[in-house]
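Reviewing the structure listed below.
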Amino acid sequence: VLSRKPERLPKREYSHEVPIERSSLKCYGCGKQGVIKYRCPTCIPNSSQRTNVTTNHINAYTTQTRSSRLTLIDITFCGKKGHVCADTGSSHSIAGEKMYQIFKDKGFIFQETTLTMSLADGHQITGEVFTTQVMIEIEGRSVQTKFIILPKAKGNRTLRGTDFLSSAGLILDVKNACWYFWDNLTHKYPFGEELDTPPIAEKMSSNTCQLREGEGESLTLFEKEKLYLLLESFQ
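Okay, so the sequence shown: first residue is 705 according to this note's numbering, each after it adds one.
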């Protein structure tokens, strides 16, 4: 019996190239396939020799220290005692939120007006303010004072501007933390005491979720912050 060898089928020839599977990784710096920028030998030479991982671990602390003594002056108004801050950088006196509340409780009449104010940084703002006249007593002397009130301000301090300092004849001695009247240079009054706030040191939580060196360079600050929050959620 003769056996016939099966005929070989002719080789198929493809008219198109078979796609080669490639890694989805790509350097966002130069576009090199298969690597990230941190490991890219083109963008970061000798990166292939790096085996360490960069991490940041920060222990941060908040602290509160005593600042320089403020130029506080003790006064009496509307039968109440208090202290106000003498501000030589302000041409007018401004009533703080607490003083404004006392004025309202006492039934003071306010005049509404539009005022343009220059801030310490040179910027100007225009807004509606109130004004009123108040008798201020200071170390046995009485001074009629015009106050400007910012009705929308919250938690602001009462400031005595140069208008009050001039009318009352006050001289400030910041170096020796005292003040005196222009017609009595020998009798000096110490600046009022600020409320005591003990120094504190509070440990903050540390954050180890940080981008590695070379990562996130094309991101904006806002985008980086969002990415940090995302990393923390998976920590």
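Even glycine gets a Cβ: it sits at the ideal position worked out from N, Cα and C.
- When the five nearest sequence neighbours on each side are left out, the beta carbons in the same chain lying within less than 7 Å of the beta carbon of R861 are those of C789, G800, in order along the chain.
- Proximity to D778 across N888, L933, I840 peaks at I840, based on C-alpha coordinates.
- Looking at S846, T866, G733, the one whose alpha-carbon comes closest to that of I798 is T866.
- Residue pairing for Y893: DSSP places it in a beta bridge opposite W883.
- In terms of Cβ geometry, T835 and Q805 do not form a close pair [threshold 8 Å].
- Inclusion of H787 and G873 in the CB contact set at 8 Å is not warranted, their separation being larger than that value.
- In the structure shown, L869 falls within a helical segment according to DSSP collapsed to helix, strand and coil.
- For F812, no alpha helix (DSSP H) run applies, since DSSP gives it neither H nor E.
- Ranked by Cα distance from M803, the first of K785, D791, T818 is K785.
- The three-state secondary structure of I806, taken from DSSP, is helix.
- Put simply, the backbone Cα of W886 is about 6 Å away from that of I875.
- The beta carbons of V833 and I852 sit closer together than 8 Å.
- Contact between G831 and L819 holds: CB atoms are separated by about 7 Å, below the 8 Å threshold.
- Considering only Y732, A881, D791, the residue with the shortest C-alpha distance to S870 is D791.
- DSSP lists no bridge partner for S795.
- In the DSSP assignment, C789 falls within the beta strand (DSSP E) that extends over 784–790.
- Nearest to T780 by C-alpha distance, out of I748, C747, E843, is E843.
- Looking from the CA of A881, the closest CA among L774, I829, C782 belongs to L774.
- For R864, same chain residues with a beta-carbon under 6 Å away, outside a window of 5 residues either side, are V788, A790, S797 in chain order.
- Spatial neighbours of I740 in its own chain (CB-CB distance under 7 Å, excluding positions within 5 residues in sequence) are listed in chain order as L729, C731.
- Judged by DSSP secondary structure, S846 falls within the beta strand (DSSP E) whose first and last residues are 845–853.
- Straight-line spacing of the CA atoms in F868 and T924 works out to 49 Å.
- Annotated three-state conformation of K730 is strand, per DSSP.
- In this structure, the CA atom of M821 is about 21 Å from the CA atom of V838.
- Assignment of L776 by DSSP, reduced to helix, strand and coil, places it in the strand class.
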